[in-house]
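All remarks here apply to the structure that follows.
Structure, rendered in structure tokens:
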């Protein structure tokens, strides 16, 4: 009897919630927790703080404060211990357009204008007709851009692709790789998971072959070996051959990324789509792919970024992209100054960084936007 | 007993399964299954795990393929013909143990997707139908949320509404309450009981014997891939004949 009354307990009112102790939250809490939680950490914070400040200060001095912003090569020769931006300024047109005819450069500008306009438009969430613009950028735009830049119709002079170079060449190779690799990769990934043995094994062989060879080899084969098999007289564009190589190469990588996404979905999603009577293609388009692609956005963007940077490899077959143009410009004896090569490469690095970081940020934004709850 | 409508007096069978056999590799999961379901019948299928009860109802909409025998659903024979399979799936709704809602679509979009893309209904009409069924499962206010924001019981009720939006003639339930927390089982069973009241043909794999007693007009007991015993619920529970049935009932009804 007494035993029973000792375990009986009834709460009459609930305890109100209190705010967390002030030293554990907010800015003060964060600093305490992460920088000065004990003596060793405080010491490390101070040492690395000083070291970091010193590095950043030195870098800023070289890049900005002491750098040569105007004048000719003489100004740079006089100050070889800081960046020589005037070199970039003098050669800027060449870095962007390569050897593209000066009088025809408005065509490139037009293409770039449509490109960046289109990207901004389709990336802007509330834009009208956003889907149409996105679709335009995926299919008709690359063809239109090629036509405008190559010319040979409506009175436009032909500009051979051997004259294309610099940053526009980088963009052409990277964008075509990006635009072609996603749809091709999706088809290959679906094929690899198909129930039909012939389709499946064809896709596996294709993917494993293109993943198994280095991009340099692919470009080399496209440039120098493939033409040996063409009948004499038939010759198609060197750049086009390289582009096809890059597209096939990157689609194999994309296929494996997409396959990872497809495998991350439970069997239940496929069964639910089947049970509702959706056909294979409808269930892929409406149910499976939206989820699979969303799950692998980081992997997809990773592949895009890798591809964007790999475009510099076209150097090996004599196409001068941004890096190639900078390399060529550095060799100019008039500019054989100590600071010029480093400035050139820093310029290339910054340009690539801006574009790659942009893609990375946009993917983070898309991920956050598509997040629809806690679990599947 | 609740006032559930009587079985279709014409006795027209909507599902006919004859001498059906199925193997997983070398494993014989379903052995000589014969089953005829009349329109409006409410059948509860029970049995120990691995007895083939889920596999049986999954054969009815061809989520599983059978190797021998015939299955005819609503006059359509299930063969490898994709056209027939899709035709059958349009008429047969299915509710899964783990709900299998589409997490990237809102509740409303989950319900309208198939009517729009399979039945080719206009969007407005599909949405009106969806809201009607969401009201019937008592969650019209959650229509614009995503499945990940709902509780298990709510998700399962959405899954039921999603199937009903296709206007199916037959509903299959594959352990609809097994993945739910105890306090949510009732809300799902209530919806199913109400659905039974509308005269829907239902095949339910479940261990909810209370549900079987209230709603079913036939209880089937399966073990080892065979139908061991079937009867009306009263007779089934009070006077089981086969020893395996007796053993099973004694195991699940002990507490």
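Chains as they are written, first to last, in the working numbering: chain A, 1 to 376; chain B, 1001 to 1255.
Don't be surprised by glycine CBs; every beta carbon is placed ideally from N, CA and C.
Please decide whether residue 328/A counts as near chain B, where near means a Cβ-Cβ distance under 8 Å.
no
Any chain B beta carbon closer than 8 Å to residue 363/A
no
Which residues of the segment 271–285 of chain A have a Cβ closer than 7 Å to any Cβ of chain B? Give them in chain order.
271, 272, 274, 275, 276, 277, 278, 279, 282
Identity of the residue in 1176/B, 1230/B, 1239/B, 1241/B nearest residue 1211/B by Cα:
1176/B
Expressed to the nearest angstrom, what Euclidean distance is found between the alpha-carbon atoms of residue 1183/B and residue 1214/B?
19 Å
Whose CA, out of 264/A, 317/A, 338/A, lies closest to the CA of residue 220/A?
317/A
Under 6 Å Cβ to Cβ from residue 180/A, same chain only, skipping five residues before and after it: list those, please.
247
For a contact defined as C-beta to C-beta under 7 Å, what are the partners of residue 287/A on chain B?
1102
List, in order along the chain, the chain A residues whose C-beta lies closer than 9 Å to that of residue 1098/B?
266, 268
Identify every run of the alpha helix (DSSP H) within the segment 1220–1251 of chain B, keeping only runs that are complete inside it and at least 4 residues long; order them along the chain.
1233–1238
Give, in chain order, every residue of the segment 1068–1102 of chain B whose Cβ lies closer than 7 Å to some Cβ of chain A.
1086, 1089, 1090, 1094, 1096, 1098, 1100, 1102
Measuring straight from C-alpha to C-alpha, what distance separates residue 377/A and residue 105/A?
Given that chain A is displayed from residue 1 to residue 376, the structure contains no residue 377/A and the question cannot be resolved.
Whole angstroms are fine: how far does the CA of residue 48/A sit from the CA of residue 58/A?
15 Å
For the candidate residues 1171/B, 1236/B, 1057/B, 1121/B, whose alpha-carbon lies nearest to that of residue 1209/B?
1236/B
In chain order, what residues of the same chain have a beta carbon less than 6 Å from the beta carbon of residue 367/A, not counting five sequence neighbours either side?
297
Output the boundary residues of the beta strand (DSSP E) element that contains residue 1024/B.
1013–1024
Which residues, in order along the segment 284–316 of chain A, keep a beta-carbon less than 8 Å from a beta-carbon of chain B?
286, 287, 290, 291, 294
By the three-class DSSP mapping on this structure, what secondary structure does residue 90/A have?
helix
So, do the segment 94–114 of chain A and the segment 183–195 of chain A have three or more beta carbon pairs nearer to each other than 8 Å?
no
When you compare only the Cα positions, how much space is there between residue 1085/B and residue 1069/B?
16 Å
Which of the three DSSP states is assigned to residue 332/A in this structure?
coil
Rounded to whole angstroms, what is the Cα-Cα separation between residue 1024/B and residue 1149/B?
37 Å
My output table needs one value for residue 338/A: the three-state DSSP class, helix, strand or coil.
coil
So that I know if they touch, is there some Cβ in chain A lying closer than 8 Å to that of residue 1063/B?
yes
Could you tell me how far apart the beta carbons of residue 1114/B and residue 1165/B are, in whole angstroms, since I believe they sit closer than 8 Å?
7 Å
Nearest-angstrom Cα distance between residue 174/A and residue 1117/B?
36 Å
Determine the burial state of residue 23/A: buried for a count of at least 16 other Cβ atoms within 10 Å of its Cβ, exposed for fewer.
exposed
Opposite residue 1201/B in the DSSP bridges: which residues?
1170/B
Below 7 Å between beta carbons is the criterion; list the residues of the segment 1144–1172 of chain B that meet it against any residue of chain A, in chain order.
1146, 1147, 1148, 1149, 1166
Can you pull the DSSP bridge partners for residue 98/A?
164/A
Touching by the beta-carbon criterion (3+ pairs, under 8 Å), the segment 312–329 of chain A and the segment 344–354 of chain A
yes
Nearest to residue 1080/B by alpha carbon, out of 1226/B, 1205/B, 1061/B?
1061/B
CB contact below 8 Å: residue 1247/B versus chain A:
no
Could you give the distance in angstroms between the alpha-carbon of residue 1045/B and the alpha-carbon of residue 1232/B?
12 Å
Who does residue 1093/B pair with in a DSSP beta bridge?
1171/B
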